[in-house]
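Residue numbers (the numbering used here), protein chains in the order written: chain A, 171 to 543; chain B, 171 to 543; chain C, 171 to 543; chain D, 171 to 543; chain E, 171 to 543. Each residue gets a CB set at the ideal place from its N, CA and C atoms; glycine is no exception. Beneath this line is the structure, given in structure tokens, with notes to follow.
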């Protein structure tokens, strides 16, 4: 599982605009995806879903002054004309447009006269496996919610489904509630992923106790990396929600504000979990080091016991393997005084006994030290 | 003991609702326990205890406008009807009901017009051993206190016993005091468990000094895990109590508020202890690493002393074990010039002496370095 | 010295009341010491010291409305009657009495209508050696200061002596100044102990540089433990003194408040020292690990040098110790082609030379790597 | 790449003035570069660029009261006369001049009656490779922006280019917008460098997983060093921008203030990245230690397996290499009782079998322990 | 250099007064130095310097009401009479006198009706080498500045020189500016020492990369110790300067306040540097551990390669050194079936070949693992 964490989070670096770009001028990169636009129009009693190809087709929704709420869901940011037209229609600030297109922003809330601009970071399990860290930008006006994402894939389908099915008060509560619902879903996905990470950490801890495999630290480290990424999104997310609760903007209804308090609690819980899990993953890596050191110690002890017992014995055997045996060159008679032990009657037996005694003494010593476990 | 810590705290993951659930809609999971409801009715002079099976039987207490205080103690959250009926009767907010049922909330206080909602996290020793981390939700109205728990087991019996026996001012002080008394008991259990952990840490430290057993780090790590969990409950607990003290709600009486200051002190003490013990457990793991490194060093020194002394000696013995002894193929007479030492009169003695001198020099060197301790 | 730190601080766990005790009800444990009561009565010109056995004998002091200040010094908390009588006489809140008896409270200040309640934690060197962490509770009224301690021993004698000798403005400045003087003495003892710890840390560092003894980490760890304990007292101590300075209570005179600012500085200095020393002790343990790793490295190098030099040589000697010497079974003539080197004229000499060359090459290699130091 | 980081950041220590210099007196060091002065004059419709050699030539711009904005871009601080003349002309405070010349200041904003003084730290890739940490000082008056740098090289060319090309609102928005644009570019360069560091950290992590090379820690450490340096600039940078947003000075236009909010977001993002990357680099160094310990463990296991298997076998071979073979000195008949095994019929075969069995048992033992993996 | 750091900072413990001293009573210790008093009298136009032996000689300056500023520079605190006379003359609070004499105070500012009391900690290079951490106490009145130091040596000479030479506005700006100038010089010395430490850390890092010498950690640790000491002075120094800026006292002139803002910036820079260098020194110690572990790994690999290659070969040689050679006791004919290899025609050659193959296979294996690098 952690392999997936890393492949996606660790690597997918956004291409930065070169330093020195004019502030407030957005750069649509060439490999940006062509937008897919869907408009969800709904009121308590009505519901419609329209795929839109270009800005012109959007106009009817933009100028609709009925009570319907329109969610203009834009996936892909690769259309300069569309973005410019939207910018002009909603009088969106140039800096806001820049933040929408350069998708490395922190979660934040900005209130303008005619609209509210917010950013969430969507961290969810992508369909092909792995984790997607994507920016969702919100432009909220009276009855229109614009959302911008870089990719076609997201994890917002449950809200789309609720809208279609008319479940809960999703249709009746207006655009700001829809924005809340999307943000809430995004935070729910944080929990979902953190839960998976918690399970993985438990799993790693079990494996660590069983066997000190190098992959355990690698995976703990990758989870820690992912947690550092999530934390970078979670802290400003909390501040953003807090800003929304305290916002004076009439575009955020009192009802939505009420739900936002709940979202605020959730965002704090996310931070709590991230910090706890980060501590656990650090702790796992430390434990691994302790365990490996301990194993090295055990390995060394075995080596030392075997070496200490046999090296002296081998030395003794080596001594009596020496050829200090002067023979009378004429008679071939052995002159015994040279290595007298070799020619004593029970020399071999005594030597073996001495070896056994040395070995037993050493084993006793090691047993006393607890090295024989 | 620590085995118990881990088995329960580390593993009992609550099943999360899937991401995308409608906010404010609670999901009674299938394996949730059927509620066991007990109503404790009391005033300074009266006391009654009634087991209740369904919402209908509760009504008489709900509409009682006498001076009696009713504690409706609900253990088990597996009855959708009951929860919905209570929600309607007390006009409880949908988000509050969601928090009651989805039992992974942080401690918090929320004040509503007609009631006060609070959450505590009950961390206590379960009967079968181990630690239970359970959510207790409180709904406080004028003379009724509703408490919700997920399981049948809890550690609130001392308050029930005090109510039965009429000890202290438990009966006379009303519903908000009862809520305080329950929260105080919950915090008292934190102390109880932290004290056990402190003893265990002392114990681990003693064992560490005596013998570097791998289980010491494992247990220190498990205590640290448990402390991380407790800390996650203890910090918001403190904030919750502070919110209660500063609350303007008339449902929390002045007398209760007075006692809450005491509870606030206790919650800070819990945090102090958790942080201290966490530091101690980290410190223990570090110490373990130091100790193991030290033992490895000692083991290595022994190996090195024995190897250094005997390997050169064995080499010398090996040299004189070589068969460089040219014989006159005709006469069998030994040609002495080939390995002259072997045939010198005192060769063997001199060799042994050289070996002894080498060994003594080495031992002296190691003794000087302090390796022979 | 550190042995003392540990024996006392690490172990002397106060017995906790079981969870579930009624709030505001104090439990005099059976092994609590019988109180020893001394009343110090003094004004600028007068001084008296009376030992008192029971509450009745105290009454004369309690109802004295002269200008004399009375310090009722109670050592030992094992008399339920006395405590209850005092509680009633001074209308002390039940929660305050609980805090006095359950001696695990943090330093704090609580102001009531008729009295001020304060707690200090007295950390001082006990007579039998070691560190005593004891609670001192203060009840301050207009001209009476009550102090409560659990044990007979304390480190408050210097203030008693100053009172007796009439030094400084100790007698003239009233009850609140006396309370300040006692608190100041308690903080002075923190400095005294911290100074001892600082010396011990210097000492440990010197020892560490000289010799990596395992006891160094053990002692550094014990000092760290003691510092964690002191820190737990020092931070709230600072807050308490700050509360006293800003207190509006008329019981704390303006003159005392002036001195309290000095005490506040001291309490910050204690925290500074504790944090610095804690960092130093952690640093020492880390250094120890580095040093041990370094020694292990040195040991390994020696082993490797000796093994690398002699193992190949021993192998060569072993080769020429082999018995591949086919003899003509009939003539006994040696067939030289089997191990020709053995029978070459200078085989032995050449072999020894080869061995010397190999050894020298290796030694040169190790010298180049700096392993021969 | 990291080599570059270190060479520049780690080493290029500014020469400090000796302690004791008069406050408010600036010291032009001898090796300071002669100033190169360029004046960029522009309005919405006009644009001019003039190289200036001395203060006298500057005067025409300084006394110009047209609507043109003048950016006086001073590279090199080695001209005492110029600096003094500017000081007098703009009535710049002596302390400000000191801060401009002594280029080790933190980013800050200071508002004076007639001008605003600001400092940025420019951290950018120098042309010859490596990182340059240089101070840029700003003096902002109504229509003049003075910038001071120590060196001729900087990374501000993109703004110069935009001015020349008249892109964006760079020309029309006045001096305070130009100051913002320069500061924004400086922060953009932080991102650029941090991004490079992030890539390098990813790269190091990959290399770490593949092979535990010592250079990995060295490079991780150098990145950490660079991050510590950047952090020292980034935190006060954020405060400076915040001060600029809240500044009451009429010299900073409302339009600029609006853009500054965007810059503030960027400066927070820089801090986020720095902290995250610092954590990652620390983590990498820890991982490296774990990995090396693990490898040592593996090496030890191999050594232990081979030693444990062969040392006992070699001992057995040594025993049977001993020469305890008493011959009848007269007949040459072997007395078999001395080492009877040597002369038993299948002694050699049995010995080899025993050796094989011992080896197999040990290998089985090690295989069970998982050491043969 | 670091040796100097340690010798002075680590050891020179001030003797603490025994706990229990009366608050507000100062103790002149016996080994305190006799004061050397110099009075610097100056105005914009006049300048005088007088050595003074006793309090009586001071009086003329104390009662001087001309416009001259007098700096009474007292080095050495060993004269009870002088201190008492000054205390009485200036009506200095007893607690202030205590702080002046007991020279372990933190930097702080205290404002009194007639004077301002401030403390700086002077950390400068002493003449005999090493670092001096000394307290400088300031008493500021309308035209008199009293400074108190414990020792004769200090690093304030540059200010004295400036006064003598009349450089800058040192003479004209009055007593509060003089106090500022002295404090500024003290902070300048912090920079000077921190710069030295930074160089030393760079130096240590270079040495670490070249050779893992134990002295590197020792020196890094000593620098860390010194940094912890400096930090303990630098944080309250910053607060003190801030208090001075916001002080309402008329004794601190508006002009001085203006310069104090500059000092405030410097004090923050000191803290920045201290924290950065502390992080670097910790990092160095961690790196050292990594490096040593790495070297141990390399040493182990060499040992393992050599042992693994030669131990099996030595075993084979040992086998063929065994004496299993049954001879026909009557004929001396060798019975070949006992160790048949020994008597095969090419046995020796084959054995050597087998050994070479084994060695090559092992070397190939180790080369594949990258251990032969």
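Exercise for review: Using DSSP bridges, identify the partner residues of residue 461(B).
Suggested key: DSSP lists no partner for residue 461(B).
Exercise for review: Please name the residue or residues paired with residue 210(D) in a DSSP beta bridge.
Suggested key: 219(D) and 241(D)
Exercise for review: Using a threshold of 9 Å, state whether the C-beta atoms of residue 212(A) and residue 239(A) are closer than that.
Suggested key: At the C-beta level, residue 212(A) and residue 239(A) come within 9 Å of one another.
Check your understanding: With which residues is residue 470(C) paired in a DSSP beta bridge?
Key -> Answer is none; residue 470(C) lacks a bridge partner.
Check your understanding: Mind pulling the chain D residues with CB within less than 7 Å of residue 488(E)?
Key -> Within 7 Å Cβ-Cβ: 484, 487, 488 and 491.
**Study point:** 6 Å Cβ shell around residue 245(D) - same chain, five flanking residues per side excluded
**Key:** Result list for residue 245(D): 206, 319 and 322, in chain order.
Point to revise | Beta-carbon proximity check, residue 309(C) vs residue 262(C), cutoff 9 Å | key: Going by C-beta atoms, residue 309(C) is nearer than 9 Å to residue 262(C).
Point to revise | Check whether residue 432(B) and residue 354(B) have beta carbons under 9 Å apart | key: yes
Practice item. Could you list which residues in chain D have their beta carbon closer than 9 Å to that of residue 455(A), in chain order? Key: 453, 456, 457 and 460
Review point. If you draw a straight line from the alpha carbon of residue 539(A) to that of residue 440(A), how long is it in whole angstroms?
Key: 49 Å
Check your understanding: What is the DSSP secondary structure of residue 305(A), reduced to helix, strand or coil?
Key -> Correct three-state label for residue 305(A): strand.
Point to revise | Buried versus exposed, by CB contacts within 10 Å (16 or more), residue 436(C) | key: buried
Check your understanding: Using the beta-carbon count (16 or more within 10 Å), is residue 444(A) buried or exposed?
Key -> buried
Review point. Using a C-beta to C-beta distance shorter than 9 Å, which residues of chain D count as neighbours of residue 245(A)?
Key: By Cβ distance, chain D contributes nothing, its closest Cβ being about 24 Å from residue 245(A), past 9 Å.
**Study point:** Closer than 8 Å at the beta carbon, the chain D residues around residue 473(A)
**Key:** 470, 473, 474, 477 and 478
Point to revise | Cβ separation of residue 541(A) and residue 475(A), assumed to be a contact under 8 Å, to the nearest whole Å | key: 6 Å
Practice item. Would you kindly report the start and end of the unbroken beta strand (DSSP E) that includes residue 291(C)? Key: First-last of the beta strand (DSSP E) with residue 291(C): 286-295.
Check your understanding: What number of angstroms, rounded off, separates the C-alpha of residue 312(A) from the C-alpha of residue 248(A)?
Key -> 26 Å
Exercise for review: Please say whether residue 374(C) and residue 351(C) have beta carbons closer to each other than 9 Å?
Suggested key: no
Review point. On the three-state DSSP scale, how would you describe residue 532(B)?
Key: helix
Review point. Would you call the stretch 356-364 of chain C and the stretch 333-341 of chain C in contact, with 3 or more CB pairs under 8 Å?
Key: Segments in contact, no.
Review point. Any idea if residue 141(E) is buried or exposed, counting beta-carbon neighbours within 10 angstroms, 16 or more meaning buried?
Key: Given that chain E is displayed from residue 171 to residue 543, the structure contains no residue 141(E) and the question cannot be resolved.
Exercise for review: Determine the burial state of residue 416(A): buried for a count of at least 16 other Cβ atoms within 10 Å of its Cβ, exposed for fewer.
Suggested key: exposed
Check your understanding: Quick one: does residue 428(A) have its CB under 9 Å from some CB of chain B?
Key -> yes
Point to revise | Nearest-angstrom Cα separation, counted from residue 455(C) out to residue 529(B) | key: 36 Å
Review point. What's the C-alpha gap between residue 471(B) and residue 459(D)?
Key: 23 Å
Check your understanding: Of all Cβ atoms in chain C, is any one closer than 9 Å to the Cβ of residue 191(E)?
Key -> yes
Point to revise | residue 370(B) burial status per 10 Å Cβ neighbour count (16 or more: buried) | key: buried
Practice item. With DSSP collapsed to three states, give me the class of residue 318(A). Key: Here DSSP, grouped into helix, strand and coil, assigns residue 318(A) to strand.
Check your understanding: Could you give the distance in angstroms between the alpha-carbon of residue 481(A) and the alpha-carbon of residue 388(B)?
Key -> Their backbone Cα atoms lie some 36 Å apart in a straight line.
Check your understanding: For residue 439(C) and chain E, any beta-carbon pair shorter than 9 Å?
Key -> yes
Check your understanding: How many Å lie between residue 209(C) and residue 272(E) at the Cα?
Key -> Each residue's Cα considered, the two are about 33 Å apart.
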